[in-house]
Amino acid sequence: MEELDGLPNLRSRTVSDRHIFANEEGRFFKGQHDLLSRIGSNELSDQELKFLQKRHLIKSSKLVKHASLFAQARRKTNVEGLEYLILVPTLRCNLACSYCQVSRANENAEGYDWDEATLGQITGLIKQFSGRSLKIEFQGGEPTLRPDLISAVLDAGSHIPDMTAVICTNLQRLDEEILTIFNRENVQISTSLDGSLITHKAQRTQDDASTSQFERNLSLVLKRYGPGKISALPTVNPNDPPEIDSLVEAFVSRGFTSIYLRPINYQGFARKQHPESIEQSGHWGAYYSKFIHRLIARNWDNRDQVIEETYFSHCLNRIFKPGLDRHVDLRSPNPVGVDYIVVDFDGKIYPTDEARMLSRSGIIDLTIGDIATGWDSPERRALNEASTNADDPDCQNCVYQPYCGRDIIDDISRYGRIDLRRHETNFCKRHMSIFDLAFSLIYSNEDAVQYSLRHWLGLSGDSITLGESI
Ligand code: SF4
């Protein structure tokens, strides 16, 4: 055999006895365990050689080399200007959940809402916005304690052709003023629902009256607007997770088809009240895998209603669709202060909501600016220099690098540093297990598995092979 030109840069990983290979563009396939050593010693079979050539995994011409560079570039985050604003009009809240991620203030406390000057600077920023599309997320505290501030912001963006808003609320309080905001077509409602009402009460509302209030209000908005306008997210304690079927049922019975399972975030109050959440990969991974398998079985038995886990669908889609770079939890590079910022109740600007929580908890100040003077700061530049998985030795050898990302705020939060070996970090362990799960499913022969995967990927047809094999 002739010496090969343009040897493929393949990495490999064994998942459920299958040997998965992928190059730096994210092209993947299943092959023999000793493929890499036989490529090195030029001992490929004709069939293997043809397979690699046909898929341009051997870059033998200039054109193929250029195409490869283009494909690699498409895997990298490509963002330029502001597209997403997370706003915190007040830090006050009318609940005190055990794992609240924010150092909240009591409902009647003073000095925890935007003042006139801050409101003016935020509405000024939005009025000057000249792009086509802007998404605004209202966080808290509980933002509905200040419906006047929400309305002022929404009015300021009336010139933006595609402006959408999400109001993250605990739904404890609903009155005409709040419903008038919810009535707006471009407004979505996001709330927390931890599963059955017993679980929800134990983790959030604490007493019967608040739990009933929440249930009444959730039913009211669902009846009034339908589940398409509302999303509900559960927060799960990996060391004491709810029973899967009852959690799924709590969502399905209300018409929700997406469930975004979130482990307790090791931030803010959670780190004081749930210190065990610093490392959650083992328990979490096992529960998560069981949850996905349960959804697959359920979807096969109830084919008229396919349920998805939001983050798993996103990871799966990132394997197949380069360019999905708007999810800030999973992308590389993961630039901060570019396409999205968080503006706190006092006008300070943070790169992410997690950074705000860390700062508010007094762990480390991750402010990158303020609404009065801007956020093109040395702090932002310093964070952005490390916000990539491209230079990390563990990631460079990882088969999942093109689909994976970097979250330095999570590293700072858990370990107080960003230079830990990647494989030792919670971020890496968690994503390694999600991608392992994804590839074990991609290469599963079970009809039920393939059925769910096709739906989660938005594919029609029932004879599509998702993963190739030599
Ligand atoms: S963080 Fe871990 S899973 Fe992700 S690319 Fe790096 S080594 Fe792979």
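One rule links them: number in this note's numbering = place in the sequence shown (from 1) + 23. For every residue, glycine included, the Cβ atom is placed at its ideal position computed from N, Cα and C. Predicted model only: the values in this text are computed from it and were never measured.
Pick from C116, F237, V87, L148: whose alpha carbon is nearest that of L105? L148
Meets three-Cβ-pair contact criterion under 8 Å: the region 62-70 and the region 322-342: No: fewer than three Cβ pairs fall under 8 Å.
Could you check the C-alpha separation between L59 and E47 for me, to the nearest Å? 15 Å
Name the one or two DSSP bridge partners that K158 has. DSSP output for K158 lists Y107, T187 as bridge partner(s).
Consult DSSP for F368 and reduce its assignment to one of helix, strand or coil. coil
Boundaries of the beta strand (DSSP E) in which L255 is found, first to last residue: Per the sequence shown, the amino acid found at residue 255 is Ala instead of Leu. Looking at the DSSP string, the run of the beta strand (DSSP E) that includes A255 is 253-256.
Return the CA-CA distance between Q144 and A395, expressed in angstroms with no decimal places. 6 Å
Can you tell me whether K88 is helix, strand or coil according to DSSP? helix
Do the region 351-364 and the region 95-112 meet, that is, are 3 or more Cβ pairs less than 8 Å apart? With contact defined as three or more Cβ pairs closer than 8 Å, the region 351-364 and the region 95-112 are in contact.
By how many angstroms is the C-alpha of I62 removed from the C-alpha of M24? Caution is warranted here: a pLDDT of 46 is assigned to M24, below 50, making its placement in the model unreliable, and the coordinate value is therefore given only provisionally. Roughly 11 Å separates the two Cα atoms.
For the ligand SF4, is there any heavy atom lying closer than 8 Å to the beta carbon of H337? no
Under the three-state reduction of DSSP, which class applies to P265: helix, strand or coil? Residue state, collapsed to three classes: coil.
Give the range of the alpha helix (DSSP H) segment to which R437 is assigned. 431-438
Touch test, the region 175-186 against the region 231-249, Cβ-Cβ under 8 Å, three pairs minimum: no
Closest to I493 by C-alpha separation, out of N32, R34, F44, R127, would be which residue? F44
Measure the CB-CB distance between T192 and Q226 and report whether it falls below 9 Å. no
Does at least one heavy atom of the ligand SF4 sit under 8 Å from the Cβ of R445? yes
Alpha-carbon spacing of D417 relative to H446, whole angstroms: 7 Å
What residue range is occupied by the uninterrupted alpha helix (DSSP H) comprising S233? 231-248
Limits of the unbroken beta strand (DSSP E) element including T37: From DSSP, the beta strand (DSSP E) with T37 extends over 34-38.
Kindly indicate which three-state DSSP category V472 falls into: helix, strand or coil? helix
Residue range of the alpha helix (DSSP H) that F462 falls in? 449-465
Check the C-beta distance from T141 over to V176 and give it rounded, since I have them as a contact under 8 Å. Actually they do not touch by this definition, with Cβ atoms about 11 Å apart.
P261 burial status per 10 Å Cβ neighbour count (16 or more: buried): buried
Contact between the region 346-357 and the region 425-435: three or more CB pairs below 8 Å? A contact exists between the region 346-357 and the region 425-435.
Suppose the cutoff is 8 Å on Cβ atoms and the five residues either side in sequence are ignored; what does the same chain contact list for Y423 look like? R36, A45, H454, M455, F458
Does DSSP put S60 in a helix, in a strand, or in coil? helix
Between which two residues does the alpha helix (DSSP H) containing H223 stretch? 220-223
Got a sec: does the ligand SF4 put a non-hydrogen atom nearer than 8 Å to the Cβ of D415? yes
Please classify F93 as buried or exposed, where buried requires at least 16 other C-beta atoms within 10 Å of its C-beta. exposed
On the DSSP bridge assignment, give the partners of G54 in chain order. H42
Spatial neighbours of R207 within its chain, please: CB distance less than 7 Å, with the 5 preceding and 5 following residues excluded, ordered by chain position. L177
Within 10 angstroms of its Cβ, does H56 collect 16 or more other Cβ (buried), or is it exposed? exposed
Looking at C-alpha atoms only, which residue of W307, P358, F368 is the closest neighbour of V111? F368
Determine the direct distance from the alpha carbon of G164 to that of E133, and round the result to whole angstroms. 13 Å
Using 9 Å as the threshold, is the C-beta distance between A128 and L114 below it? yes
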